[in-house]
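Inspection log for the structure reproduced underneath, given as structure tokens.
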Amino acid sequence: MSANPTTSSVREWEQAFLRKAWWLFPLGGVLASLAVGGPFWAWVEGKWMGPNWAQLAGVRAALWALAFAAIPAVWRIGLRIKRPFGWIWLAVAGTVLAAECLLATPRVQAALWLAARARLEGRQHFMREVCYVRLEEAAGRTAAGPAVVLVGSSQVLLGVDEHLLAAEQSLPVIRRAMFGMTPLRALSMRAYVPFRNQDRCVQYLSEFDFTNHDEFPFEWFRPYASWRTVPDVLRCVSGRVKLLRWRQVVDYALAATTEWWRARDFLRQIAFHFSGGERTEATEKAPPDLAAAAAKARGPLNFRAGEIAGFRQFARRLSEQGVELIVFEGGVNPAIDSEDRRQAKRETREMVAHFLAGGYGRYVPLEEQVLDLGPGDWFDMNHLGPTGREKLTRRIAQELSTP
Amino acid sequence: MVFNSLVFLVFFLVVYGLYRALPHRGQNVLLLVSSYFFYGWWDWRFLSLIFISTLVDFWAGLAIEKAEDNQRRRRIALLVSMVSNLGILGFFKYFNFFADNLVVLLQSLGVAMAPRHLNIILPVGISFYTFQTMSYTLDIYRRQMRPTRNFLDFATFVSFFPQLVAGPIERASRLLPQIQNPRIITRADMSSGTWLVAWGLFKKCVIADNLAVLVDGAFGAAAPSGAVTLVALYAFAFQIFCDFSGYSDIARGLARWMGVDLMVNFNNPYFALNPKDFWARWHISLSSWLRDYLYIPLGGSRKGRRRTYINLALTMLLGGLWHGAAWTFIAWGAFHGLLLVGYHAWVQRFSPKGTVDSGRWIWLRRIGMFHLVCVGWLFFRASSMGQAGEMWTRIFTGFAWDARAGDMLLALIVFCLPLWLVQVLQVKTGDLEAAPQLSLLPRVALYATMILMFLALGNTGGGAFIYFQF
């Protein structure tokens, strides 16, 4: 290979480059030393902090210059290897693996998710929630004892006051409820929920959670992909759906394998808003159009087998982990009541109660909740307003106090 | 089916597995069947068009040879080929454009005429394979090659799937013998093919598709600032280069895996020093086609200065029209025609011996030429002449640097940095495949960067290539 004239011209160019421009590397090291520390973390937060030029004469700058000066030295050694083909692929694999490990370290994770969160636009709710969850995971769970973990969709997110709940009973509260978190999605993100033995998981489920959802919510799956949960999720999804959406299944598997793929939407967000400059804020939310929402909510309800299977698998996994599952039956605004909805509610209740009775958890149907919710307790068709939230939170606290 | 999709990966794995197992004739049958399948994946109805083109040119080639010295018969056969090829191309690509403009013209002259707009779908890659198959007949007519008597070989030449929909536009004299003769696949072919495919995919999925977000955002905005417009224009220059040259690289790499050597289509065009140099580096297969089959037959530079300028302008104008049926493409072609005419006039006036191409101020001249090319891209990318004019005005009258423009510029640098480094290496060493010859450290750094950038930032949604629409 070294006898190839073009190869030798490339080698000659490399040698000439190292001879003439080796000083660029230590200089780069010195400049890089100015960015680490304060300026870097300011950038992470989307702010600008000018470099402290006095540091140029410091030890840190010298160490960085020394480290970068090693690059041309190693480069020169590499020039002596005549047939580097096998070494190349080994070294590439090692570098990619090292980059994967680096990205997984808590400090880099914190920088990544903080930087991504600082660069989100007002309407990117889901991505903001992902940043929250991933930052919480990067920080790790500090409290030693058991905790209450809130899981579920926006009905929980808006319907339960986590601070009030923590104050009303003795255990700390960990929020993992997010907009649109159906049972299958809860199962898919289980690896990012810090369950421990003797924790209590509160889930809030209604017919909304089991009907009309996307059968393979891939956008949700990707940032939470993990080989701890991918097999469970794929077992819950039907063969037909997996076949039809095979590209997304492949993508999901890749996301479970590497954080670079899993976090790609967020890395792109950073790349496109590098300085963290201008972002559009969320426009003030218009008051909900209750009539339109009611009309939409009265549409046909189709149960999703994947959601039912997802709920069951989630409960099984919690049971294996020694986590007590308490499922509150979710209510909806009486304004959208219909015969179809009542039927779906009955079926959901029977299915959940029957399954939990098998030793997987406790079920609290609406009758036992005795919340006495009036029309003024609702924010919209399926979310509670402030008064309804307080009622439900106190009731959950009461249930948690029951042994 | 696009190269940057999982469907294509599955398709290619199956085809390639069979290809390596088959003897030469079997490989050609497989190439033909798989190429028709590849093309039919978009719309199977358009297979008839490619088949008609193939049939007509196969017949025309044989008829021209059979006519021997009977010039009238030779011309008739050539005419049949040209009329059928250009007729199909003209109908599918240009009918609505010319019909609409005719109506506008007549209406402006006071003739009442209702617009006639047909719902025609443009068959993907029609301009590419039409030019490729036309060159076959033209070369036989000029007695530069002899026709093939094997229809299978000829059909495989016309429809060879790696370069079917976006080139390089191969000449029969180069590609046909490679189809006709048994192909030998060496380890070096596999290795260089892998680099070309990987580099092409990187250019398309990581650079072009991400820059598209910046460009589309600016060109779709109601009133972008002058700074945003300018950065978007730079971004488009690299988007279109990476999109198209990425396709060409993948095509060349796939072909090389099959033992076929396709021509180089791009040679670092943004390092060009002048308009002539640019067209010797950009879309080489089209520019050389236009030179050989249009510019030279028109008289080239043999009939005096004025005629040379007219020939240059006309060639570039038609080159612009080749890209699409819109005034913006015609303006783009006309602009490049003007640049070429201006350059030739400059050389003849100030530097008749060609000293203008000395190495002085080389980077300044490259930057200047790049900016001239960018002016052309404004016409090319704009949805109308009105938009091109608006954006041009905005750059010069509404230029205000803002955070959005800064972020766009930083993103452009982040995405393009590996490209620029590789291009500098290619230019400095004069070798387009220099990167895979680097020593251990820089090569590992490059490969790992490509892999990580692909994982983190690559668009894997199978975004269509820009040149498919042409």
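As given, the protein sequences belong to chains A and B, one line each in that order. Under this note's numbering, the first residue of the first sequence carries the number 1, and numbering increases by one thereafter. Under this note's numbering, the first residue of the second sequence carries the number 1001, and numbering increases by one thereafter. All residues carry an ideal CB built from backbone N, CA and C; glycine is no exception.
Where the beta strand (DSSP E) containing F272 (chain A) begins and where it ends: Counting along the chain, F272 (chain A) falls outside any beta strand (DSSP E), though it belongs to the alpha helix (DSSP H) covering R264 to F272.
T1460 (chain B) - DSSP class collapsed to helix/strand/coil: coil
Alpha carbon of I1088 (chain B) to alpha carbon of L1286 (chain B), nearest angstrom: Roughly 19 angstroms between the two C-alpha positions.
Cβ-Cβ distance between I1140 (chain B) and I1064 (chain B) below 8 angstroms: yes
Within chain A, the residues that Q1107 (chain B) reaches when beta carbons sit closer than 8 angstroms: Correct list: empty, because the minimum Cβ distance to chain A is about 43 angstroms.
L356 (chain A), buried or exposed, once every other Cβ within 10 Å from all chains shown has been counted against 16: buried
Contact belief for G159 (chain A) with L392 (chain A) at Cβ below 8 angstroms, rounded distance in angstroms: 5 angstroms
Backbone secondary structure at W23 (chain A) - three-state DSSP: coil
Among A:G145, A:G50 and A:M351, the one whose alpha carbon lies nearest that of D199 (chain A): Proximity to D199 (chain A) across A:G145, A:G50 and A:M351 peaks at A:G145, based on C-alpha coordinates.
Chain-ordered residues of the region 73-101 of chain A with a beta carbon less than 7 angstroms from chain B: V74, W75, G78, L79, I81, P84, W87, I88, A91, V92, T95, V96 and A99
Proximity of F1092 (chain B) and L1062 (chain B) at Cβ, strictly below 8 angstroms: no
Cross-chain neighbours of W261 (chain A) in chain B, by beta carbon under 8 angstroms: L1455 and A1456
Near-chain A residues of the region 1185-1200 of chain B (beta-carbon distance less than 9 angstroms), N- to C-terminal order: S1191
Cβ of V10 (chain A) within 8 angstroms of any chain B Cβ: Chain B contact via Cβ: present.
Neighbour flag for W13 (chain A) against chain B, beta carbons, 8 angstroms: yes
Residue-chain proximity (P1115 (chain B), chain A), Cβ-Cβ < 8 angstroms: no
Alpha-carbon spacing of Q1473 (chain B) relative to V1010 (chain B), whole angstroms: Outside the displayed span of chain B (1001 to 1470) sits residue 1473 (chain B), for which this structure offers no information.
Where the region 192-211 of chain A meets chain B: residues whose CB sits under 8 angstroms from a CB there: Along the region 192-211 of chain A, none of the residues has a CB nearer than 8 angstroms to a CB of chain B.
G1026 (chain B) versus Y1019 (chain B): straight-line alpha-carbon distance, rounded: 8 angstroms
According to DSSP, residues forming a beta bridge with L1233 (chain B): The partner list for L1233 (chain B) (beta bridge, DSSP) is empty, contrary to what the question assumes.
Min CB distance A147 (chain A) to chain B below 8 angstroms: Output row for A147 (chain A): interface = no.
Residues that DSSP places opposite T211 (chain A) in a beta bridge: A:F303
Minimum Cβ-Cβ distance from E258 (chain A) to chain B less than 8 angstroms: Reading off the sequence, residue 258 (chain A) comes out as Thr, not Glu. Among the CB atoms of chain B, one or more fall inside 8 angstroms of the CB of T258 (chain A).
Assigned exposure category for N4 (chain A) - 16 Cβ within 10 Å defines buried: Only weak support is given to the placement of N4 (chain A): the predicted model assigns it a pLDDT of 44, under 50, and the value that follows is read from those uncertain coordinates. Flag for N4 (chain A) reads exposed.
Pair within 8 angstroms by beta-carbon distance, R11 (chain A) and L79 (chain A): yes
Test: R19 (chain A) CB closer than 8 angstroms to a CB of chain B: It does not; no Cβ of chain B falls within 8 angstroms.
Backbone CA spacing between S1383 (chain B) and I396 (chain A) [nearest angstrom]: Their Cα atoms are separated by approximately 58 angstroms.
Span separating the alpha-carbon of R1366 (chain B) from that of L1372 (chain B): 10 angstroms
C-beta neighbour in chain B for A139 (chain A), strict 8 angstroms: no
Cβ neighbour criterion (16 or more within 10 Å) applied to H1024 (chain B): exposed
Contacting residues, own chain, Cβ-Cβ under 7 angstroms from I1169 (chain B) (five flanking each side not counted): F1128, F1131, Q1132, S1285, L1286 and W1289
Buried/exposed call for T182 (chain A), threshold 16 Cβ in 10 Å: Residue environment: T182 (chain A) is assigned as buried (16 or more neighbouring CB atoms within 10 Å of its CB, all protein chains considered).
Distance between M1190 (chain B) and N242 (chain A) (C-alpha atoms, nearest Å): Residue identity differs from the one stated: residue 242 (chain A) is Lys in this sequence, not Asn. If you take the alpha carbons of K242 (chain A) and M1190 (chain B), they lie about 34 angstroms apart.
Span of the beta strand (DSSP E) around L150 (chain A): Counting along the chain, the unbroken beta strand (DSSP E) around L150 (chain A) starts and ends at V148 to V151.
Interface flag, S1439 (chain B) vs chain A, CB-CB below 8 angstroms: yes
Complete alpha helix (DSSP H) runs within the region 1386-1470 of chain B (minimum length 4 residues, chain order): 1403-1429 and 1440-1457
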